[in-house]
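Read through the structure below, which is laid out as structure tokens, and then see the notes.
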Amino acid sequence: MTYFAANSLQDSGKTPRARVSPRTRLQACVAILLLQANLAFAVAPIGQQEQAPASQQPTAPEAPAPPPASQPSETPTLAQQAQEAQKTSYAAQQPFHVELPHSHSPLSPYMPSDAPPLNLNNSPRLQTLIRDGKLYLSLQDAIALAIENNLDLAYFRYNFPIAETDYRRTKAGAAVQGVNTAIVQASSQGGFSGGSSGGGGSSGGSAAAGAGGIVQSTLGAGTLVASFDPFLTFKGSVDHQVAQQTNAFQTGVAIYKQNTIQGQANFSESFPLGTNLNVNYLGYRNANNSPHEAINPNLYSNLTVQFTQHFLAGFGVSTNTRYIQIAKKNMHINDLAFRDQVIATITQVENIYWDLMNAYEDEQVKERSQSFSQQTLEMDQKQLQLNAIPAMQVTKDESDLVTSEGDLTVARATLRLNELLMKNAITKMDDPLIADMPVIPLDHEGPVNPNASKSIDDLIAAAEKNRPDVQEDEIAMQIAQSSLKSIRSELLPVLDVYGLYSGAGTAGPKNANCDLGTECTSDLPTGFTGMFQNTFNYSSPEYQIGMTLQINLRNRAAKADQYRAVLEYRQRQITFEEQKKKIRFDVRNSQFALQQKQALVDASQKAKDLAQHTFDVTKKEQDLGAKSHYDTLVAQHQLAIAESALAAAKTAFEKAKVDIDRATGETLARMGVSIDDAKSGVVTHAP
Numbered sequence: 009m010t011y012f013a014a015n016s017l018q019d020s021g022k023t024p025r026a027r028v029s030p031r032t033r034l035q036a037c038v039a040i041l042l043l044q045a046n047l048a049f050a051v052a053p054i055g056q057q058e059q060a061p062a063s064q065q066p067t068a069p070e071a072p073a074p075p076p077a078s079q080p081s082e083t084p085t086l087a088q089q090a091q092e093a094q095k096t097s098y099a100a101q102q103p104f105h106v107e108l109p110h111s112h113s114p115l116s117p118y119m120p121s122d123a124p125p126l127n128l129n130n131s132p133r134l135q136t137l138i139r140d141g142k143l144y145l146s147l148q149d150a151i152a153l154a155i156e157n158n159l160d161l162a163y164f165r166y167n168f169p170i171a172e173t174d175y176r177r178t179k180a181g182a183a184v185q186g187v188n189t190a191i192v193q194a195s196s197q198g199g200f201s202g203g204s205s206g207g208g209g210s211s212g213g214s215a216a217a218g219a220g221g222i223v224q225s226t227l228g229a230g231t232l233v234a235s236f237d238p239f240l241t242f243k244g245s246v247d248h249q250v251a252q253q254t255n256a257f258q259t260g261v262a263i264y265k266q267n268t269i270q271g272q273a274n275f276s277e278s279f280p281l282g283t284n285l286n287v288n289y290l291g292y293r294n295a296n297n298s299p300h301e302a303i304n305p306n307l308y309s310n311l312t313v314q315f316t317q318h319f320l321a322g323f324g325v326s327t328n329t330r331y332i333q334i335a336k337k338n339m340h341i342n343d344l345a346f347r348d349q350v351i352a353t354i355t356q357v358e359n360i361y362w363d364l365m366n367a368y369e370d371e372q373v374k375e376r377s378q379s380f381s382q383q384t385l386e387m388d389q390k391q392l393q394l395n396a397i398p399a400m401q402v403t404k405d406e407s408d409l410v411t412s413e414g415d416l417t418v419a420r421a422t423l424r425l426n427e428l429l430m431k432n433a434i435t436k437m438d439d440p441l442i443a444d445m446p447v448i449p450l451d452h453e454g455p456v457n458p459n460a461s462k463s464i465d466d467l468i469a470a471a472e473k474n475r476p477d478v479q480e481d482e483i484a485m486q487i488a489q490s491s492l493k494s495i496r497s498e499l500l501p502v503l504d505v506y507g508l509y510s511g512a513g514t515a516g517p518k519n520a521n522c523d524l525g526t527e528c529t530s531d532l533p534t535g536f537t538g539m540f541q542n543t544f545n546y547s548s549p550e551y552q553i554g555m556t557l558q559i560n561l562r563n564r565a566a567k568a569d570q571y572r573a574v575l576e577y578r579q580r581q582i583t584f585e586e587q588k589k590k591i592r593f594d595v596r597n598s599q600f601a602l603q604q605k606q607a608l609v610d611a612s613q614k615a616k617d618l619a620q621h622t623f624d625v626t627k628k629e630q631d632l633g634a635k636s637h638y639d640t641l642v643a644q645h646q647l648a649i650a651e652s653a654l655a656a657a658k659t660a661f662e663k664a665k666v667d668i669d670r671a672t673g674e675t676l677a678r679m680g681v682s683i684d685d686a687k688s689g690v691v692t693h694a695p
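Numbering (the working numbering), first residue to last: 9 to 695.
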């Protein structure tokens with residue numbers, strides 16, 4: 009502006025000197041001095057304000073970053089203070105513990121059991137990170153809070169007692185129900201866009217073991233497995249009967265009356281070899297009014313013990329304990345699936361954290377841009393009052409300010425959204441205390457990841473070694489192979505061999521109304537004691553050995569089931585190979601993405617440096633009068649765009665590092681997460 013004002017005065021000085029009076033010259037000099045002084049006072053604050061973009065330091069004091077490691081710092085950083093405050097809160101968090109009911113009471117098996125109530129309180133660690141009405145989070149803090157409070161992990165922890173209940177029911181001979189090991193991603197949605205696989209879900213284990221990890225189709229099929237729990241059955245009755253007789257010769261009375269008391273007990277139990285034990289006892293007392301009975305009442309009891317053994321279909325421990333073996337392997341799969349769930353949850357939390365950091369830095373960039381636009385407008389409005397610039401320049405400044413304010417509004421809304429996503433991922437329940445509380449991310453970059461420089465063979469080998477879903481696939485294939493063997497037993501004929509022993513006892517007092525003469529005498533015991541003795545003293549035994557052979561002459565159903573099992577096993581083999589290919593592709597794609605994002609960061613850094621240099625040069629030219637304030641404003645906007653692009657590129661790079669850790673199964677080791685802490689829901693040491 010000074011340049012143009014001086015030129016305009018020089019142009020007016022081209023007129024003949026005789027026509028310019030000394031008074032006019034004096035007024036012109038005074039005007040020039042006043043204009044220079046006004047510009048000096050107006051430009052000084054802008055120069056001070058523009059130091060922030062040049063040094064890339066945040067203007068907001070609410071998010072101080074930790075000092076570089078190379079510079080010693082005597083005062084602890086906010087992250088260090090937060091970690092120090094957390095040390096006193098570990099013991100307050102109660103670990104997750106649901107134990108299956110155990111009791112020595114004989115009535116316990118017949119009483120319902122209840123699990124402990126839910127604990128939906130956020131862990132005390134959350135309170136230690138709040139200072140001055142703001143929630144300060146490092147990446148490690150976010151991971152620790154997610155382990156303690158994330159509802160996805162809390163939901164999945166119940167799979168451990170569920171798997172134990174499934175194992176317990178199979179020990180009784182019941183069919184396995186399976187455990188749903190599908191990865192849960194309900195409370196950590198949003199902000200997850202790193203990589204190609206969509207975030208660490210179980211790949212092959214669930215596919216090979218059934219949809220969602222639930223055993224289905226012919227898995228576990230075979231001959232019927234009898235209950236290994238002993239069963240005791242009692243049956244009793246009291247009967248009174250009165251019957252008119254058409255011929256009194258048989259009973260000796262015209263109206264026959266009898267009272268019968270009968271009791272029966274049965275005990276049965278099966279064993280893994282295919283053996284069944286059945287013990288049956290029958291006893292009754294019959295009293296009547298017939299004079300043709302030598303004893304009255306008549307007491308009778310019978311004990312029968314029978315063993316049955318399957319020899320073809322249903323024979324063998326492996327056949328009859330197949331549900332137990334599947335339940336054991338499902339428990340192992342559940343452990344691996346939980347590890348997969350922890351990886352998926354931490355991966356999502358990391359991505360949400362870096363989205364939050366990007367939104368936070370972008371808001372600061374937009375605030376600096378809006379502030380620069382505001383001050384440029386104020387300065388140009390003052391110059392317009394001095395008629396030093398055209399009115400159109402102020403109109404452009406106002407339009408630019410409106411645009412900057414709109415960008416700032418969008419950036420703040422994006423930041424609020426990412427704060428909400430982070431709070432949702434690290435809390436169990438909505439807390440009014442932190443509902444509207446700003447979240448300040450403390451880490452501007454993640455740990456160094458060496459995977460970008462590793463060979464693809466090394467990365468694939470690490471993935472095959474570390475990824476839980478690889479081991480899930482292998483166990484699922486073992487289950488399928490065992491099931492294929494078990495179902496062959498169903499093709500065989502049924503051949504059962506049994507042995508039976510029976511003892512009986514009869515007793516009763518002499519009938520006082522007996523009219524049979526000499527036949528009214530009896531040597532039988534008169535009471536229950538003698539009856540029981542005769543039942544068990546081998547006085548009237550019975551032995552029986554026999555067999556049952558049952559052959560299905562066409563056997564179509566069993567043959568179809570067996571062949572279907574083979575076909576499904578072939579499908580699972582294809583799925584198994586497909587999952588291995590998917591893992592290799594996942595690793596390769598993650599490495600390519602990491603390398604691309606690193607190149608994008610380098611390019612964005614160069615673009616930002618060029619934009620910074622352009623802004624600095626334009627600012628100097630403005631100070632010398634060679635450029636207008638609007639030119640500097642345009643340069644500042646280009647710098648802001650470059651800064652936002654650099655922040656976005658760094659965020660994408662951090663998320664690419666997160667994704668390659670997931671693809672190689674190194675997330676927990678890289679972030680220092682203990683799987684035991686994840687199972688208990690209490691972080692006993694900082695990740």
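For each residue, glycine too, the CB sits at the ideal point set by N, CA and C.
If the criterion is Cβ atoms closer than 9 Å, does the pair PHE584 and ALA648 meet it? What you label residue 584 is simply residue 576 of the sequence shown in a count that begins at 1. What you label residue 648 is simply residue 640 of the sequence shown in a count that begins at 1. Against a cut-off of 9 Å, the Cβ pair of ALA648 and PHE584 comes out as no contact.
Option nearest ALA419 by Cα separation, candidates GLN372, ARG293, PRO238: Position 411 of the sequence shown, counted from the first residue, corresponds to residue 419. The option with the nearest alpha carbon to ALA419 is GLN372.
Own chain residues within Cβ distance below 8 Å of ALA256, not counting five before or after: Numbered from 1 along the sequence shown, position 248 holds the residue referred to as residue 256. Excluding positions up to five away in sequence, the list reads ALA262.
According to DSSP, what are the bridge partners of ILE303? Indexing the sequence shown from 1 puts residue 303 at position 295. Answer is LYS518, bridged to ILE303.
Look at the alpha carbon of SER195 and the alpha carbon of ALA182, and state the distance between them as a whole number of angstroms. As a working note, residue 195 is residue 187 in the sequence shown. As a working note, residue 182 is residue 174 in the sequence shown. Taking the straight line joining both Cα atoms gives about 35 Å.
How close, in whole Å, do the beta carbons of VAL447 and ALA154 come, if the pair is a contact with beta carbons under 8 Å? The sequence position of residue 447 within the sequence shown is 439, counting from 1. The sequence position of residue 154 within the sequence shown is 146, counting from 1. About 14 Å separates the two Cβ atoms, so there is no contact after all.
Evaluate PHE239 with the Cβ neighbour count: other Cβ atoms within 10 Å of its Cβ, from every protein chain shown; 16 or more gives buried, anything less gives exposed. For this step, residue 239 is matched to residue 231 along the sequence shown. Classification of PHE239: exposed, given that the 10 Å Cβ count is below 16.
Between the region 269-289 and the region 239-252, can you find at least three pairs of beta-carbon atoms closer than 8 Å? yes
Just mark HIS645 as buried or exposed, buried being the case when its beta carbon has 16 or more other beta carbons within 10 Å. Here residue 645 is taken as the residue at index 637 of the sequence shown, counted from 1. Looking at its Cβ environment, which holds 16 or more other Cβ atoms inside 10 Å, HIS645 is buried.
For GLN79, three-class secondary structure by DSSP: To locate residue 79, count along the sequence shown from 1; it is residue 71. A caution first: GLN79 carries a pLDDT of 41, below 50, which makes its placement in the model unreliable, though a value can still be read off. Coil at GLN79, not helix or strand.
Length of the line joining the Cα atoms of ALA696 and LYS493: Residue 696 is absent from the structure shown; the chain starts at 9 and stops at 695.
Strand pairing of GLU277, partner residues [DSSP]: As a first step, residue 277 must be located in the sequence shown, where it is residue number 269. Note: GLU277 sits in a beta bridge opposite LEU285.
If you drop the 5 nearest sequence neighbours on each side, which residues of the same chain put their C-beta closer than 6 Å to that of VAL478? To locate residue 478, count along the sequence shown from 1; it is residue 470. GLU472, listed in sequence order.
What residues match up with HIS248 in a beta bridge as DSSP calls it? To locate residue 248, count along the sequence shown from 1; it is residue 240. For HIS248, which the question treats as bridged, DSSP gives the partners ASN267.
C-beta neighbour in chain B for ASP149, strict 9 Å: The chain labelled as chain B is not found in the depicted structure, where only one protein chain is given.
Beta-bridge partners of TYR509, as assigned by DSSP: Position 501 of the sequence shown, counted from the first residue, corresponds to residue 509. TYR509 pairs with VAL313, TYR551.
What residue range does the alpha helix (DSSP H) around TYR175 cover? Walking along the sequence shown from the start, residue 175 turns up at place 167. Note, TYR175: alpha helix (DSSP H), 167-179.
What would DSSP say about PHE104, mapped onto helix, strand or coil? Within the sequence shown, residue 104 is the residue found at index 96, counting from 1. It is coil, neither helix nor strand.
With a 10 Å radius around its C-beta and 16 neighbouring C-beta atoms as the bar for buried, classify TYR144 as buried or exposed. The residue labelled residue 144 in the question sits at position 136 within the sequence shown. It is buried - the Cβ of TYR144 has at least 16 other Cβ atoms within 10 Å.
State the start and end residues of the unbroken beta strand (DSSP E) segment that holds LEU143. Locating residue 143 in the sequence shown gives position 135, where the first residue counts as 1. Element bounds for LEU143: 142-145.
Taking only three categories from DSSP, how would you classify PHE242? Stepping through the sequence shown from its first residue, residue 242 is reached at position 234. PHE242: strand per DSSP, three-state reduction.
Within 10 Å of its beta-carbon, does LYS614 have 16 or more other beta-carbons around it, so buried, or fewer, so exposed? Taking the first residue of the sequence shown as 1, we reach residue 614 at position 606. Classification for LYS614: exposed.
Who are the near neighbours of ASP705 in its chain, counting only those whose CB is closer than 7 Å to its CB and skipping five residues on each side? Since the first residue of the chain shown is 9 and the last is 695, residue 705 is not available in this structure.
Leaving out five residues on either side along the sequence, give the residues of the same chain with a beta carbon under 7 Å from the beta carbon of ARG475. Residue 475 sits at position 467 when you count from the first residue of the sequence shown. So the list reads ILE591, GLY673, once near-sequence residues are dropped.
Using DSSP with H/G/I as helix, E/B as strand and the rest coil, what is ASP685? To locate residue 685, count along the sequence shown from 1; it is residue 677. Helix, per DSSP.
Does ALA295 come out as helix, strand or coil in the three-state DSSP assignment? Counting from 1 along the sequence shown, the entry for residue 295 is found at position 287. Correct three-state label for ALA295: strand.
Beta carbon of THR178 nearer than 9 Å to that of ALA345: Position 170 of the sequence shown, counted from the start, is the residue given in the question as residue 178. Position 337 of the sequence shown, counted from the start, is the residue given in the question as residue 345. Taking 9 Å as the Cβ cut-off, THR178 and ALA345 do not qualify as a contacting pair.
Which whole-angstrom value describes the C-beta separation of GLY454 and THR327, a residue pair presumed to lie in contact below a C-beta threshold of 8 Å? What you label residue 454 is simply residue 446 of the sequence shown in a count that begins at 1. What you label residue 327 is simply residue 319 of the sequence shown in a count that begins at 1. Incorrect: roughly 53 Å between the Cβ atoms, too far for contact.
Thinking just about the alpha-carbon of each residue, which of ALA123, LYS142, ILE151 is nearest to the one in PHE168? Taking the sequence shown and counting its residues from 1, one reaches residue 168 at position 160. Looking at the Cα atoms, ALA123 is the closest of the given residues.
Where does LEU441 land, buried or exposed, given buried means 16+ other C-beta within 10 angstroms? As a working mapping, residue 441 is identified with position 433 in the sequence shown. With fewer than 16 other Cβ atoms within 10 Å, it is exposed.
So GLY228 and SER491 are supposed to be a Cβ contact under 8 Å. How far apart are they, rounded? In the sequence shown, counting from the first residue as 1, residue 228 sits at position 220. In the sequence shown, counting from the first residue as 1, residue 491 sits at position 483. Right, the Cβ-Cβ distance comes to about 6 Å (below 8 Å), so this counts as a contact.
What first and last residue would you give for the alpha helix (DSSP H) that runs through GLN476? Position 468 of the sequence shown, counting from 1, holds the residue named residue 476. The sequence as given places Pro at residue 476; Gln does not occur at that position. PRO476 -> alpha helix (DSSP H) spans 476-494.
Could you please give me the residues that DSSP links to PRO449 through a beta bridge? Reading the sequence shown from its first residue, position 441 is the one you call residue 449. BP columns for PRO449 point to LEU145.
With a 10 Å radius around its C-beta and 16 neighbouring C-beta atoms as the bar for buried, classify ASP451 as buried or exposed. Here residue 451 is taken as the residue at index 443 of the sequence shown, counted from 1. Classification of ASP451: buried, given that the 10 Å Cβ count is 16 or more.
Can you say whether PHE49 is buried or exposed, counting buried as having 16 or more other CB atoms within 10 angstroms of its CB? Taking the sequence shown and counting its residues from 1, the one referred to as residue 49 is at position 41. Its pLDDT being 41, under 50, PHE49 is placed unreliably by the model, and the measurement read from it follows with that caveat. PHE49 comes out exposed.
Name the DSSP bridge partner or partners of ARG139? Taking the first residue of the sequence shown as position 1, residue 139 is located at position 131. Answer is LYS142.
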